[in-house]
Amino acid sequence: MTIRAVAIGIGHYLPERIMPNSEFEKTLDTSDEWIRTRSGIANRHVAADGETTSNMATKAAQAAIDDAGITIDDIDAIIVATSTPDLTFPSVGTMVQSQLGMTRGYAFDVQAVCAGFIFALTTANSMIQTGQANRILVIGADMFSKIMDYTDRSTCVLFGDGAGALILEGRAGKGTNEDRGILSADLNSDGRYKDMLYVDGGVSTTGTSGHLRMQGNALFRQAVERLSATAHHALGKVGLSDSDIDWIVPHQANIRIIKGTAKKMGLSMDNVIVTLQDHGNTSAASIPLAMSVGKAEGKIKRGDLLLTEAIGGGLAWGSVVIRW
604 MTIRAVAIGI
614 GHYLPERIMP
624 NSEFEKTLDT
634 SDEWIRTRSG
644 IANRHVAADG
654 ETTSNMATKA
664 AQAAIDDAGI
674 TIDDIDAIIV
684 ATSTPDLTFP
694 SVGTMVQSQL
704 GMTRGYAFDV
714 QAVCAGFIFA
724 LTTANSMIQT
734 GQANRILVIG
744 ADMFSKIMDY
754 TDRSTCVLFG
764 DGAGALILEG
774 RAGKGTNEDR
784 GILSADLNSD
794 GRYKDMLYVD
804 GGVSTTGTSG
814 HLRMQGNALF
824 RQAVERLSAT
834 AHHALGKVGL
844 SDSDIDWIVP
854 HQANIRIIKG
864 TAKKMGLSMD
874 NVIVTLQDHG
884 NTSAASIPLA
894 MSVGKAEGKI
904 KRGDLLLTEA
914 IGGGLAWGSV
924 VIRW
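Quick look at the structure:
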């Protein structure tokens, strides 16, 4: 018997305020056409004053709990992937734990920027397989509006705020690639590429939160090759190929990266869940957010084979293969 981490609930949250590309035309040398052409983004959601990452994460978590038909008392652990915590410490995870009224189990954060949800999923899968928990709430939540330099048109137009949550439950499987749940994962990082995507502030350097800095063209060249490679590694671990995939649920960073990766894998864009036109790049939130939207729209169905992949600052990148 093999224990699989099976998805039993999904949900997301987006701040109320929608910021269209046209708003940037008022302060930057840019246009709606320029942003759409280079990124595929038309709108993004921006958190209200007083709203926090933990608030967003909690609302996404409650939506996932409701979708699963369980209560917070059924959750053993919470893992939050985020690069924009409310405070330096404690973790967003413990804040979500408190806001949900969870007084048992444990909670913590992981940080791998835009690849954070992939790393959190893999962590949760390992914990379920080793018996440390049976039901884990995995959340991706980020508020990049707080670390944007709104004079830099190459970065500030790309990002938005939001949260997504997935509940995993340990269930018995046969040990084949027909099982439901997480089938395989592939994680990577290479710190030599730090300067391609980073924030120029921090506790032990400037004492400030800093602003996001990115070498967009260089990162683009790295992304397609690394994303397709990690996808093939994850699929190969369980004897699957590109043609077995029902849906790619990619990190929603740039439509050119998404299209390039799909093409390299020989898959049609009809097999890709795309939400960045409405949400922008929500970093660690983008994959669970896209999963939640895909399920709500009736695309993702029980038994479908999903490939999720992401690359972010570090550089850190990886993929997870999961049967819904």
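The numbering of the sequence shown is our numbering, which starts it at 604 and goes up by one. Positions of the beta carbon are idealized from the N, C-alpha and C atoms, including for glycine.
Here H648 is bridged, per DSSP, to I621.
Looking only at A671, V609 and M604, the smallest Cα-Cα distance to L771 is reached by V609. Nearest in C-alpha terms to R620, of all of D652, D635, R639 and S634, is D652. When C-alpha distances from T885 are compared across D782, A650 and N780, the shortest belongs to A650. Along the stretch 669-719, the alpha helix (DSSP H) occurs as fully enclosed runs of 4 or more residues at 695-702, listed in sequence order. A direct Cα-Cα distance of roughly 6 Å separates F747 from F762. Remark: three or more beta-carbon pairs, one from each stretch, lie closer than 8 Å, so the stretch 862-880 and the stretch 839-853 are flagged as touching.
When the five nearest sequence neighbours on each side are left out, the beta carbons in the same chain lying within less than 6 Å of the beta carbon of T911 are those of V852, I890 and V923, in order along the chain. Taking the Cα positions, G612 is about 9 Å away from I673. Nearest to Q700 by C-alpha distance, out of A727, L690, N857 and N658, is N658. The Cβ atoms of G708 and D755 lie no closer than 7 Å to each other.
Looking at the backbone, the Cα of A667 and that of H615 are separated by about 7 Å. Between T687 and D782, the beta carbon gap of about 35 Å keeps them out of contact (Cβ cut-off 8 Å). Rounded to whole angstroms, the Cβ separation of M817 and L918 is 12 Å, and the two are not in contact under 8 Å. By the Cβ neighbour-count rule, T691 is exposed, with fewer than 16 other Cβ atoms within 10 Å of its own. With a threshold of 16 other beta carbon atoms within 10 Å, D670 meets it and is buried. It is roughly 42 Å from the alpha-carbon of D752 to the alpha-carbon of R607. When the beta-carbon positions are compared, G765 and L617 come within less than 7 Å of each other.
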